[in-house]
Structure formats: structure tokens, C-alpha cells
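Please read the structure below before turning to the comments.
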Amino acid sequence: MKLRIGLAVFVACVVLYPLALPGQYPLGIGIITGALAAGTVGFVLLLGYAHQLALGQAGFCMVGGYASAILCVNHHWDPLAALLAGALVAMATAWAIAAPILKLRGFVLAMASLALHLILIVVALELPFTGGALGTYGVPKFALFGLPLGSDLAFYYVVWLIVLAFVAAGLAIDRSRVGRALKALAASETAALSAGIDITRYKLQMFVVSAGMASVCGSLAVHYLRAMDPNVFGFAFSLNFITAVIVGGLMSVWGGVVGAAIVTGLREILRGLSLPLWEGVIMGVLTVVVLIAFRRGVAGFISHLYDRLASREAPRASLGDPDGAALSRSGRPAARLEVRGASRSFGALRAVSEVSFAVEPGAIAALIGPNGAGKTTLFNLIGGYQPLDAGSIALDGARIDALLPNRIAALGVGRTFQNLQLFDNMTVLENVMCGTHRHFQAERVNRAKTAAALAFVGLRGAERLHLGELSFGHQRLVEVARALALEPRLLLMDEPASGLNDSETERLAELILRVAALGVTVLLVEHDMRLVMGLADQVVVMHHGEKIAEGAPDAVRRNREVIDAYLGSEHVAA
Amino acid sequence: MLRLERISSGYGRSPVLHEASLEVRSREIVALIGANGAGKSTLLNTVMGLVAVSSGEIFLDERRIEALPTPEIVRAGLAQVPERRQLFGPMSVEENLRLGAYARTDRAAVHETLQEQFRLFPILAERRRQAAQTLSGGEQQMLAIARAMMSRPRLLLLDEPSLGLAPLMVERIMALIRSLRDAGATVLLVEQNARAALGVADRGYVLENGRIAVSGSAARLLEDAAVQDAYLGGQAGGSRAIEERIRSKRRAILGR
Numbered sequence: 052m053k054l055r056i057g058l059a060v061f062v063a064c065v066v067l068y069p070l071a072l073p074g075q076y077p078l079g080i081g082i083i084t085g086a087l088a089a090g091t092v093g094f095v096l097l098l099g100y101a102h103q104l105a106l107g108q109a110g111f112c113m114v115g116g117y118a119s120a121i122l123c124v125n126h127h128w129d130p131l132a133a134l135l136a137g138a139l140v141a142m143a144t145a146w147a148i149a150a151p152i153l154k155l156r157g158f159v160l161a162m163a164s165l166a167l168h169l170i171l172i173v174v175a176l177e178l179p180f181t182g183g184a185l186g187t188y189g190v191p192k193f194a195l196f197g198l199p200l201g202s203d204l205a206f207y208y209v210v211w212l213i214v215l216a217f218v219a220a221g222l223a224i225d226r227s228r229v230g231r232a233l234k235a236l237a238a239s240e241t242a243a244l245s246a247g248i249d250i251t252r253y254k255l256q257m258f259v260v261s262a263g264m265a266s267v268c269g270s271l272a273v274h275y276l277r278a279m280d281p282n283v284f285g286f287a288f289s290l291n292f293i294t295a296v297i298v299g300g301l302m303s304v305w306g307g308v309v310g311a312a313i314v315t316g317l318r319e320i321l322r323g324l325s326l327p328l329w330e331g332v333i334m335g336v337l338t339v340v341v342l343i344a345f346r347r348g349v350a351g352f353i354s355h356l357y358d359r360l361a362s363r364e365a366p367r368a369s370l371g372d373p374d375g376a377a378l379s380r381s382g383r384p385a386a387r388l389e390v391r392g393a394s395r396s397f398g399a400l401r402a403v404s405e406v407s408f409a410v411e412p413g414a415i416a417a418l419i420g421p422n423g424a425g426k427t428t429l430f431n432l433i434g435g436y437q438p439l440d441a442g443s444i445a446l447d448g449a450r451i452d453a454l455l456p457n458r459i460a461a462l463g464v465g466r467t468f469q470n471l472q473l474f475d476n477m478t479v480l481e482n483v484m485c486g487t488h489r490h491f492q493a494e495r496v497n498r499a500k501t502a503a504a505l506a507f508v509g510l511r512g513a514e515r516l517h518l519g520e521l522s523f524g525h526q527r528l529v530e531v532a533r534a535l536a537l538e539p540r541l542l543l544m545d546e547p548a549s550g551l552n553d554s555e556t557e558r559l560a561e562l563i564l565r566v567a568a569l570g571v572t573v574l575l576v577e578h579d580m581r582l583v584m585g586l587a588d589q590v591v592v593m594h595h596g597e598k599i600a601e602g603a604p605d606a607v608r609r610n611r612e613v614i615d616a617y618l619g620s621e622h623v624a625a
Numbered sequence: 044m045l046r047l048e049r050i051s052s053g054y055g056r057s058p059v060l061h062e063a064s065l066e067v068r069s070r071e072i073v074a075l076i077g078a079n080g081a082g083k084s085t086l087l088n089t090v091m092g093l094v095a096v097s098s099g100e101i102f103l104d105e106r107r108i109e110a111l112p113t114p115e116i117v118r119a120g121l122a123q124v125p126e127r128r129q130l131f132g133p134m135s136v137e138e139n140l141r142l143g144a145y146a147r148t149d150r151a152a153v154h155e156t157l158q159e160q161f162r163l164f165p166i167l168a169e170r171r172r173q174a175a176q177t178l179s180g181g182e183q184q185m186l187a188i189a190r191a192m193m194s195r196p197r198l199l200l201l202d203e204p205s206l207g208l209a210p211l212m213v214e215r216i217m218a219l220i221r222s223l224r225d226a227g228a229t230v231l232l233v234e235q236n237a238r239a240a241l242g243v244a245d246r247g248y249v250l251e252n253g254r255i256a257v258s259g260s261a262a263r264l265l266e267d268a269a270v271q272d273a274y275l276g277g278q279a280g281g282s283r284a285i286e287e288r289i290r291s292k293r294r295a296i297l298g299r
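Residue numbers (our numbering), protein chains in the order written: chain D, 52 to 625; chain C, 44 to 299.
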């Protein structure tokens, strides 16, 4: 509903604008706004969705702008072909530089991408065929399939049709599993990996897509300006680009369109007042004001307003009891885990030192030991979050220790975290849906599987809630449900009972038993000895990174070394 | 010292606490126990002025504090050790401790308080130059408590100090809380681990769905049948009883 209203308003604005404000000048503003919007939609995908602070996107506008100018003027290409060629070059460039540049994060990435933009400006000044500082002039009007667009009005519609296509693509991404994966990696990369999401791939995809869209933005602008030089897409333009998406809002691609309209419109109004010196000041103040007043940008504010007006009853949780029948045994057998000689050091600290043990298929094993004994590090080694220094880890005899975490998750290794790693920008349903990411099946199937996993852990009815509306204990269950949605063969649980009271701990114990009954091998790190001794078939004890004991709960409980290092007096066998 | 009278509070439009009344007297340890989501942390945050009060009154001695901003409340002598510690990870143990005295104006006496913490927590003296994030979980919890003590609070609010700690370390932390009390501190202790909390406390309150359901001396609550059932894992035997119940469930579900 919201989507249809958004699209209807968009189309109405585009169609009515030239009718309401006829004349060459307003039409020109409309075209420039559209060209900018084509780029900012892509920028929202990169900045808002993939959370990659690559601020030098105007560099890709330059690629498109020069491709269109040079190919059309010097080589008499068809404008549409030149536009597509420019986009391809921009995307190929993005793809080629993605590997080194996306390794960087935050402000370093921002600086590196701005530096690339600077390099492009210098290259454009120096290359023989760009026209240097004077630029390339006489760019023809845009044409479609060889037919030149006679009027600016026709060009205006073509530009906005392209924007509509980009918006539609953006919305499609938003509503697909890719969009969910992007939101997931924005909230917690670790948790995204644990759900089997290949975060590098999606960052790369968004970088490439947004580079293509920026290039199209450049091409369209050049066909309107009829000239291209190194200053057209300089740092001032970069600033406009960034201002537009921040003012418009990073939460959805609509923010790119709204922001482009506001920035262009405002600049023209300021020009009308002939206060060119104040333009930068006023734009800056406006950005700050919008940031303070509407933290999600103007588009985010409008969306929020709509939700409030349209909201019926706020969703209330009427959480059911765990429904053990909601999931059934999967066809795949439980996995056998074998850790052999695993070692990992941090500087001089041997966090994990030559630890070996095996967990048989379908067994429940517990890993215990004092805080700092290396249990979580060992979990990270098994999950692939950190590399081994020595030793091996195998799942059903096949080594997994060289694989990336999302690959290991995709092999059926689920995980829950000591300090919850949930996606706080999503509902409970979306959080758990992320667990289905690796399955590549229809969303309907994913939804059904998600609902079953939620019912299994006792969160039926919580689908539409946001995480903040759930207690800590229930949030833990969301994490378990997400791991179950992965359909794991081995489940690693890091202190699942931490923060739970006694009755909740007992319910958790029952849940873990039901998970094991589904045909899942369980390995847990836990300090609650009642849970460990009650549940486990096998207990492995670590101290100072080394395995000091292993065996059945009752044997471990009587082990003198374990009592001294870990259990203390209270838990000595009665 | 601290008195809550019929306090209702919560986030946005949905109240979490409903007319909760509670008192902490000078030099005693009061335990607040209850299920997840019962409102224990909300109660602490309400006292600290982090959650808005919709009705009721909070007195620190005779002064009403429910409308004061948090920094004022800290200056009035309350210090909170938040759940999951929230230390300044890359900073050293000593820097963390000194930041705990940040609001104090008697700069000269800060050094004295610092030495006092090192006497109470010798392990922190050993690790004073180490970054807080390199400490083990139990040591971090000690640092968090010591940091709160640096403001020389009249009342210390502890939120789940046993969270994520090994059994042996839980015993140590609880013993430390008792020694703080013996050194003159007053403590309001929020705990999921009801057995450990009531073991160290003088009095206790049980919070259920935002309401105080039971209160009394810690010894009486440990004996109370309803409290035992809900929070202590059933009748005598305690932790062993829970373990046995889990084992019987295992036999029922897994057949082993």
C-alpha cells in the first residue's frame, strides 16, 4: 500500500511538474534534478544499505560524463550506446578496485574514495583525449535508438523514466533476500556471517551497482549541459551528492530522489536571490537542521508520518509456549565435529593451545572453563571467524578450517552469541528470515520456515515486533530461532543461559534437548553447571587455553583440577 | 536511605513498573530479583533518572530525586554499575578507575580512594597498566564495581554482576560485595542469580510484571516456598534439583 502510494505520488509529481511550471528554465532544473536522482538512488544503496562510506562517487559520474562526451563528440557514437558504455566502464572500474578499497572501513574508506576521485580529476586534466581543462564541447542532444529527442520535454521524461527504473530496481533489492542481507550486514557483520551471508559479495554488488548509476547520472547531466570538463563533477558536486542523500534520507531509495529534488531546488532558489556566496552556508545550515530535526532524512520522516497515521493497533506480543512439533527432523544427518591440535595466539597470549576433542553426531557437548580460558576463541575458530595458527577442524571428516564463516554456516553450522548479535534494524520475523538466506528458495517458503522456527522456540506472535520490545531472554530465543532457520547440523551456543533466571534456564534446557532431537549436534559454552551437567553427554574443560579434562559430567565434576580451576567449593559432587 | 514510593515508569506509552515501593537502608545489601522483563533494570534506570517517572516519588534521605537529571543524581551520591559492565575497553585499569572519579571536585582525595580500591581489589592493582578489554570477565566485573566506588557513592546500584561469570568467580564477586558492605557501603543488587543474590543480601524484593510481589529478609525469602518454586529451582536441594529435572527431561526427549 505504502509502496503504491509512493509510486503514484512520484509519477504524479514527474508528470505535473512541467505542466505546473512551463518554460525552459524550470524544465532544465527538472532534468538536472532527474540526472542527480539517478546517481543518488545508487548512492543510497551504497551508503544506506551496504553502509560503505565511499564518498567519492562523483568520480564515477566523471566516467559517465567523459564517456558520453568523448564517444559522442569525437567518435559520433549513439548517445544511448555511449551512456551504456560509460556505465559498463564505471562498473568494471568499481569491480576492479573493490577488492582493495572495500577492505577499508569508515573514514579511511571515505578518504580513499575521495582520493580516487581526485586522481580521476587530475587524469582528466592530463589525458590527451579529454580536452584537458577546457573540456569537450558540443555534446549532442540525447537520442533514443538513433532518434534524437526533439525537445527538452522529451529528454525530461526519458531522464525520469530512467530514475523510475532505478527506483524500481532499488525497491526490488530492498524487498528481496539481498536487501535483507544488506540490512543484516549493516547491523552486525558477525551475525550476518553466522547466518551464512556472504558480506563481501553484497558490498561489492552494491558498489558496482551504485557506480553504474552514478555513471548514468554523469551521462545524462552532460547531455543537458552539452559540455564536459573536469570541474563539472568536482568536489562541489560530490558535496551536493552527499548532502542530497543525507537530507533525503538513507533508509530507502526514495531518500535519494527526495534529496536530489531538495538540493537542486534549493540551489536554484538561492541563485534566484543572487547570493552565490551564501549558497554554501545556507546548504550547510540546512543539512544540519534536517539532520537534527529528521534523523532519518525527509523521506524517512514522511514514511514515519505515514506509518503513524496508518497504524492500527500497535502489535502486541502474546507469546505462546514452545511448540516442539513446529519443526521436524531434517533429512540431513547430524554432523560430527572434530577439533585436532587447534591453536591460536594473540601476541604472547596462547588463547587456545593444542586443543583436541570430537563431538559425535547428535550428541550434546559442553565446553566449560574459567573466564578467559579460550572457550569463545575456540568457538570463533570452529566458526571460521578467526584463523587457526595450527591444527585442524573437520566436519564429518572434511576440513573446514580454511573456509570463511559464511561458507561454514552454509555447511550447516549455526551459532548463537554470548553478547547477542541481532539485527536491531529489523523485526523479529526479518531477523529470523536472515537465517534462511542460504537456501535460495521462494520467500513464501522462507516465511513458512521462519514461522515454524519461531513457534518452535516459543515466539509465535512476536513476528512483527521490533527487538527493543522484547526482553533479553526473548531476544536470546530470536537468536536461537535464526540459527534454526539455517537448518543446522551443528549448533554452537555461546553462554545461552547467561542472563536467564532459573525457570527460563529450565525452559532453555528443554529447547536445547528438542533441538538435539531434531538431529542437530550441539556444542555449548556455558557457566550454568546445572544446565551443563543436566544436558551434556560430554564435557570438555579448558583452562589457560588448554584442555585440562574431558569426559562424562559426573567424572568431570569429581576432577580435582576442574574443581580448583573452575567449579569452586559449591559444586563439588555431593 | 533510598525510598521508592509507588513508582510507575516505563518507555514511551507502555509502563514497565507499576506502583513499585522499595526501601534501602543505610549499610545494608538489598537484593532485587525477578524474571527477565519483570522490570529490574528499569527500576535501576528509573532511580538513576534514565527512565521517566510517570507517578510516584523517589527519596534519597529526605530529598526528592525522581525529577532530577542523571548527573544531579550521581552528584547526590548514587552510582550504577550497568549490566555488561560498559568499561572503556582500550583504556588502562587505572584510567578507567580515575574516570569513575570524574565528577568529584576534591581532586586531592581521589588518589586516596584509588589506593582504597587497590586494597579491596588487589588484582586490579596488579593489572593497573593493562587495557580494560584484556581483563577476564570476572576482573572486568571487579573493575566496573571499583570504578563505581571511585565516586565514593552513598549507594551503589549493581545490575547483574554475576552475568557471564564462571561459578567460582560468582562466589568471589558476591564475597566482594559483602566486604564492600562491611567497609560501610550500601548496595542495591539486581540479580538473575537469585540464590547467589539472596545468599549475600540482608533483605530482598521480588519483582513480577513490574510489581513488587514479595519482600522480606533474605533468609525468609530463601525459605519462601513460592520464591523457591519460581526463582530458586524448587524445594531444598536447589541447583541439584534443577539439574535432575533437566536430566529427566533429557531421558524423556532423547531417551538417554
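Every residue, glycine too, gets a C-beta built ideally from N, C-alpha and C.
Residue pairing by DSSP places C/Gly-207 in no beta bridge whatsoever.
Between D/Leu-244 and D/Pro-456, the C-beta gap is smaller than 8 angstroms, which places the two residues in contact. For D/Gln-469, the residues of chain C that pass the 9 angstroms Cβ criterion are Gly-207, in the order they occur in the chain. In the three-state reduction of the DSSP assignment, D/Val-174 falls in the helix class, which pools H, G and I. Every unbroken stretch of the beta strand (DSSP E) spanning 3 or more residues and falling wholly within the stretch 385–450 of chain D is given here in chain order: 388–397, 400–410, 415–419 and 441–446. Judged by DSSP in its simplified three-state form, C/Pro-114 adopts helix. Residue burial annotation: D/Lys-426 is buried, with at least 16 other C-beta atoms found within 10 angstroms of its C-beta. For C/Pro-210, the nearest beta carbon of chain D is closer than 8 angstroms to its own beta carbon. Among the residues of chain D, those whose CB is under 8 angstroms from the CB of C/Gln-235 are Gly-550, Leu-551 and Asn-552, following chain order. For the stretch 586–611 of chain D, the beta-carbon criterion of a distance under 8 angstroms to any beta-carbon of chain C is satisfied by Leu-586 and Asp-588. In the same chain as D/Asp-372, and ignoring 5 residues on each side of it, the C-beta atoms closer than 6 angstroms to its own belong to Gly-509, in chain order. In this structure, DSSP gives C/Phe-102 an extended state, which the three-state scheme calls strand.
Rounded to whole angstroms, the separation of the alpha carbons of D/Met-484 and D/Asn-497 is 7 angstroms. Within the same chain, and ignoring the five residues on either side of C/Gln-173 in sequence, the residues whose Cβ sits closer than 7 angstroms to its Cβ are Ser-135 and Val-136.
Boundaries around D/Lys-598 are those of the beta strand (DSSP E), 597–602, since no alpha helix (DSSP H) includes it.
Counting C-beta pairs with one atom in each stretch, the stretch 207–224 of chain D and the stretch 424–438 of chain D have fewer than three that are closer than 8 angstroms, which means they do not touch.
Sequence-distant partners of D/Gly-85 (beyond 5 residues in either direction) whose C-beta falls short of 6 angstroms from its own C-beta, in its chain, are Val-210, Trp-211 and Val-214. In this structure, D/Lys-53 places its C-beta atom within 8 angstroms of the C-beta atom of D/Tyr-357. Residue-level contact check: C/Ile-289 touches chain D, since one or more beta carbons of chain D fall below 8 angstroms from its beta carbon. Non-local beta-carbon contacts of D/Ala-560 in its own chain, meaning distances under 7 angstroms to residues more than five positions away in sequence, involve Leu-582, Gly-585 and Leu-586 in chain order.
Judged by their CB atoms, D/His-488 and D/Arg-252 are not nearer to each other than the 8 angstroms cut-off.
In the displayed model, C/Tyr-145 falls within coil according to three-state DSSP, outside both helix and strand. Look at D/His-355 here: in three-state DSSP terms it is helix. Between D/Val-529 and D/Phe-408, the C-beta gap is not smaller than 8 angstroms, which leaves the two residues out of contact. Under DSSP, D/His-594 takes part in a beta bridge, and its partners are D/Glu-597.
Segment contact: the stretch 151–162 of chain C against the stretch 199–215 of chain C, fewer than three CB-CB distances shorter than 8 angstroms; contact not assigned. Boundaries of the beta strand (DSSP E) around C/Arg-49: 45–54.
Shortest Cα-Cα distance from D/Pro-384 to any of D/Pro-412, D/Glu-405, D/Gln-75 and D/Leu-543 involves D/Pro-412.
Residue state for C/Ser-291 is assigned as helix, using DSSP reduced to three classes. Between the C-alpha atoms of D/Ser-303 and D/Leu-541 there is a straight-line separation of about 37 angstroms.
Apart from the 5 residues on each side of it in sequence, D/Asp-447 sits with its Cβ closer than 7 angstroms to the Cβ of Ala-386 and Arg-387 in its chain, given in chain order. Residues of the stretch 238–260 of chain C with a Cβ closer than 7 angstroms to any Cβ of chain D: none.
C/Arg-288 is the residue among C/Arg-288, C/Gly-259, C/Ser-258 and C/Ser-97 whose C-alpha sits nearest the C-alpha of D/Asp-553. By the criterion of a C-beta distance shorter than 7 angstroms, D/Leu-454 is surrounded in its chain by Gly-435, once the five residues flanking it on both sides are discounted. When DSSP states are grouped into helix, strand and coil, D/His-488 belongs to the helix group. Of the candidates D/Leu-543, D/Arg-359 and D/Gln-108, the residue whose Cα lies closest to the Cα of D/Leu-169 is D/Gln-108.
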